[in-house]
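A.B. asks:
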Amino acid sequence: MRVLFASLGTHGHTYPLLPLAAAARDAGHEVTFATGEGFAEVLRAQGFDPIATGIPVFDGFLAALRIRFDTDSPDGLTPDQLSELPQIVFGQVMPQRIFDRLQPVLDRVRPDLVVQEISNYGAGLAATKAGIPTICHGVGRDTPDELTRSIEDEVGRLATQLGIDLPPGRIDAFGNPFLDIFPPSLQEPAFRSRPERYELRPVPFTERPKVPDWVLARTRSRPLVYLTLGTSSGGTVEVLRAAIDGLATLDVDVLVAGGPSLDLAQLGEVPTSVRLESWVSQAALLPHVDLVVHHGGSGTTIGAFGAGVPQLSFPWAGDSFANAQAVAQAEAGDHLPPGGVNAEAVADAAKRLIADESYRTAAKAVAAEIAAMPTPDEVARRLPEFAGRRAA
């Protein structure tokens, strides 16, 4: 059977799909993966056939600036004007570009099933237009907020322009079955009760599953704190520096993962208890840490849940607020509000989360819930069943 996976070209939207794609490959299916060209090498290493169909998010925002304000620069625009851009980027620009690029791919590959990442509306439109059975793959908690509704409204208008009839209700899955990787007890109740929602255990993917030698050599006499602002977040050097300064006052060791968009040299000199790493295998590291301090992204939130580790987040945009709410609901951590991240606040919160064992107990309960969810191999065995259905 031929299966085409399609995601937006970012780590947080591509990596969550790789475990199921690998399970489909191991089950003997022919897997094609359509996403941003920056992931071609990783996908080939996993034995997939990569096809570049997306556009960089930066290019999407540049196009949105031209469409909405006839400019190539955000300089001079008000915060209210800038807030109009995401719905154009993710509801109009990127779906249109992906739709245009994916249509000929579908004609050539002729997949029996499309696995559409939830934010890749262009793939959902293309598969619907082609009449190919499709399932939607989630990447985190449902966020039925104003921005999501605005994006889906834009997608609805685009569908009308393209002559595509959509089923009633939410556009996210285009009326198709949904694979949900978020812990069920922490998912939005209304979303959890939607028809044809299937649970899928989130399995962290890593290119190089290696932990720094100094982490393995530790005696664990002091807690280890993992600090990251993700691969593509709104985290700034100032926020990271404030977190480092706060954590450095505690009797802990700190590992700071810079990510691809941060030059660690910008942080300047750091205390001896703090180690800077330009890249780290988060999946391999998490079992060794006592607290995760992060930006609130879905990948890190779910990863910490799966490892049973308490977390402190700094939500700033998008799904980070919903993720912070889920952590609070689970009593597995805490968060600091935008503008509230300073050294003293970070130190106070981190000290409490490490000292109070109830947070780790709660985190381990969520980890047990995740471990009970169906594995990618189990879900992969059902892919022919999904492919046998008519497209929505």
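Under the numbering used here, residue 523 is the last one in the sequence shown; the count climbs by one each step, no gaps. Note that the Cβ used here is the ideal one computed from N, Cα and C, for glycine as well. This structure is a prediction, so every number in the text was calculated from the model and none was measured.
Let me see if you follow: with CB-CB separation under 7 Å, is Asn251 close to chain D or not?
C.D. replies: Structure shown: chain D not included; a single protein chain is present.
A.B. asks: Are there 16 or more other CB atoms within 10 angstroms of the CB of Ala499, so buried, or fewer, so exposed?
C.D. replies: exposed
A.B. asks: Return the residue from the list Asp479, Thr350, Gln460 that minimises the CA-CA distance to Leu467.
C.D. replies: Asp479
A.B. asks: Using a Cβ-Cβ cut-off of 6 Å (strictly less than) and excluding sequence neighbours within five positions of Ala523, which residues of its own chain qualify?
C.D. replies: Only weak support exists for where Ala523 lies, its pLDDT of 44 falling under 50; the value from the coordinates is given anyway. Taken in chain order, the residues that qualify are Pro298, Phe305, Gly306, Asn307.
A.B. asks: Name, in chain order, the residues that DSSP records as bridge partners for Glu330.
C.D. replies: Asp311
A.B. asks: What does DSSP give as the partner residue(s) for Ile266 in the beta ladder?
C.D. replies: Val246
A.B. asks: Within the chosen definition, does the stretch 424-435 reach the stretch 391-404 through at least 3 CB pairs nearer than 8 Å?
C.D. replies: The stretch 424-435, when compared against the stretch 391-404, does not touch it at the 8 Å Cβ threshold.
A.B. asks: Can you tell me the Cα-Cα spacing of Gln212 and Ala195, whole angstroms?
C.D. replies: 11 Å
A.B. asks: Who are the near neighbours of Gln177 in its chain, counting only those whose CB is closer than 8 Å to its CB and skipping five residues on each side?
C.D. replies: If we look at Gln177 and ignore the five residues flanking it on each side, its Cβ neighbours are Leu149, Ala152, Ala153, Arg156.
A.B. asks: Pull up the distance between the alpha-carbon of Val270 and that of Gly207, whole angstroms please.
C.D. replies: 34 Å
A.B. asks: Please work out which residues of its chain come closer than 8 Å, Cβ to Cβ, to Ile295, disregarding the five sequence neighbours upstream and downstream, and give them in chain order.
C.D. replies: Cβ neighbours of Ile295 beyond the five flanking positions: Leu256, Thr259, Lys260.
A.B. asks: Near Ala474, what residues of its chain come up, given a Cβ to Cβ distance below 6 Å and the 5 sequence neighbours on each side ignored?
C.D. replies: Ala373, Asp376, Gly377
A.B. asks: Can you give the Cα-Cα distance for Leu417 and Tyr357, rounded to whole angstroms?
C.D. replies: 8 Å
A.B. asks: With DSSP collapsed to three states, give me the class of Val387.
C.D. replies: strand
A.B. asks: Grab me the residues of Ser281's own chain with a C-beta within less than 6 Å of its C-beta, minus the 5 sequence neighbours each way, in chain order.
C.D. replies: Shown here for Ser281: same chain residues with a beta carbon closer than 6 Å to its own, the five before and five after excluded, namely Gln218 in chain order.
A.B. asks: Going straight from the alpha carbon of Pro275 to that of Glu338, what length do you get?
C.D. replies: Cα to Cα, the separation comes out at about 32 Å.
A.B. asks: Express the C-alpha separation of Ala435 and Val423 in angstroms, rounding to a whole number.
C.D. replies: So the two alpha carbons sit approximately 7 Å from each other.
A.B. asks: In its own chain, which residues sit with a C-beta less than 7 Å from the C-beta of Gly365, not counting the 5 before and 5 after it?
C.D. replies: Below a pLDDT of 50, predicted positions are generally treated as unreliable, and Gly365, at 49, falls in that range; no measurement from the model is reported.
A.B. asks: Which term fits Asp450, buried or exposed, when burial requires 16 or more other beta carbons within 10 angstroms of its beta carbon?
C.D. replies: buried
A.B. asks: Where does the unbroken beta strand (DSSP E) through Ser489 begin, and where does it stop?
C.D. replies: Run containing Ser489: none in the beta strand (DSSP E); it sits in the alpha helix (DSSP H), 488-502.
A.B. asks: Starting from Ala171, trace the alpha helix (DSSP H) both ways and give me its first and last residue.
C.D. replies: 171-176
A.B. asks: For the alpha helix (DSSP H) containing Val458, list its first residue and its last residue.
C.D. replies: 451-461
A.B. asks: Considering only residues of the same chain and omitting the five flanking positions on each side of Asp303, which have a CB-CB separation below 6 Å?
C.D. replies: Ile249
A.B. asks: Please classify Leu371: is it buried, with 16 or more other beta-carbons within 10 angstroms of its beta-carbon, or exposed?
C.D. replies: buried
A.B. asks: When DSSP builds the beta bridges, which residues end up paired with Ile219?
C.D. replies: DSSP lists no partner for Ile219.
A.B. asks: Exposed or buried, Gly399, counting other C-beta atoms within 10 Å across all chains shown (16 or more means buried)?
C.D. replies: exposed
A.B. asks: By Cβ distance below 7 Å, which residues in the same chain neighbour Pro515 in space, the five residues on each side in sequence not counted?
C.D. replies: These residues qualify, in order along the chain: Met132.
A.B. asks: Just reading off the alpha helix (DSSP H) that Tyr252 is part of, what are its end residues?
C.D. replies: 252-261
A.B. asks: Is it right to say Ile198 is buried, meaning 16 or more other beta carbons lie within 10 angstroms of its own, or is it exposed?
C.D. replies: exposed
A.B. asks: What is the DSSP secondary structure of Ala523, reduced to helix, strand or coil?
C.D. replies: Model confidence at Ala523 stands at a pLDDT of 44, short of 50, so the residue's coordinates are unreliable and nothing is read from them.
A.B. asks: If Pro335 and Gln413 are in contact, beta carbons under 8 Å, what's the gap, nearest whole angstrom?
C.D. replies: 7 Å
A.B. asks: Return the first residue and the last residue of the beta strand (DSSP E) that Ile186 is part of.
C.D. replies: Annotation: Ile186 is outside any beta strand (DSSP E) and is labelled neither H nor E by DSSP.
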